[in-house]
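Remarks on the structure that follows.
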Amino acid sequence: MSVLVSPSLLAADFANLQRDIEMINSSEADWLHMDIMDGVFVPNISFGFPVLESVAKICKKPLDVHYMTVHPEQYVERTAKLGAMMMNVHYEACVHLHRTVDKIHKRGMKAGVTLNPSTPVIMLEDIISDLDMVLLMSVNPGFGGQKFIFNTLSKIERLKELIAKHNSKALIEVDGGVQQETAPLLAKAGVDIMVSGSFIFQSSNPHEAVRFLKNL
Ligand code: DX5
Ligand code: ZN
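With my numbering as the guide, the letters of the sequence shown map in order to residues 5 to 220.
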């Protein structure tokens, strides 16, 4: 099976949002990745519910929502109401991670847990069997267009071992600096989903950029 591709909306042209969503709709992309930043958990602010709601109305791809906020549990209800398929919360932002994952499932969404580059995968040992996805950050969260952190490749190996040990169904998604040079390494490492922002949206042919990732 080829990898799934989740283009990151953060790199879209916000003055032409409808055009860019339609571009994603007509591409081979599998999901749409939406980055919510609160200026507290990460040193940047992206967009919030008014934008999410407008995008959800016109986007035909399943929504993969990535919360880079403190207290993401506060937003479970509203994210479910959007019709989101996946809600990703940061391990580092959740004191009661098990409760938050449970809340996400009860609202009918898949639950993803995201790890910052410096957080070891072993921190998920006691929750991995409840997760639908683990999102490994391959840059420090907060900004698009950053350089890929190569330690992510060995982290993927350790995560695969953890998933196998617990017979978990969790998929592996990687986010940050995924482009022409790094994507083949991720495909070889066996990731399930690649998030990619600037590589897709700043390409002269975004459909071709998505196809490149899908055909690795
Ligand atoms: C970073 C975000 C990413 C970002 C990726 O905090 O989580 O989703 O948009 O952008 P690129 O692909 O440009 O690194
Ligand atoms: Zn993201």
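Ideal Cβ placement from N, Cα and C applies to all residues, glycine included.
query, result
"Verify the contact flag: Phe18, CB atom, against every heavy atom of the ligand DX5, threshold strictly below 7 Å.", "no"
"Enumerated in chain order, which unbroken segments of the beta strand (DSSP E) with a length of 3 residues or greater are wholly contained in the stretch 28-83?", "36-41, 67-72"
"To which residues of the same chain is Lys159 closer than 7 Å at the C-beta, ignoring the five residues directly before and after it?", "Val125, Leu140"
"Compare the beta carbon distance of Val80 and Phe45 with 8 Å and say whether it is the shorter of the two.", "no"
"Does DSSP put Asn144 in a helix, a strand or coil?", "coil"
"To which residues does DSSP link His94 through a beta bridge?", "Thr118"
"Opposite Cys176 in the DSSP bridges: which residues?", "A small correction: the amino acid at residue 176 is Ile; Cys does not occupy that position in the sequence shown. Answer by DSSP bridge pairing, in chain order: Val138."
"Among all the DSSP beta bridges, which residues are the ones paired with Leu8?", "Ile197"
"What does the alpha-carbon distance come out to for the pair Val59 and Val105?", "24 Å"
"Is Phe183 helix, strand or coil when you go by DSSP?", "A quick correction: the sequence has Gln, not Phe, at residue 183. Coil, per DSSP."
"Excluding the 5 residues flanking Ile62 on each side, which residues of the same chain have their C-beta closer than 6 Å to its C-beta?", "Ile25"
"Can you name, in chain order, every residue of its own chain whose Cβ lies under 7 Å from the Cβ of His109, other than the five neighbours on each side?", "Ala115"
"Taking the alpha-carbon positions, what's the Gly180 to Ser30 distance?", "23 Å"
"Taking C-beta to C-beta, are Asp34 and Ser50 nearer than 8 Å?", "no"
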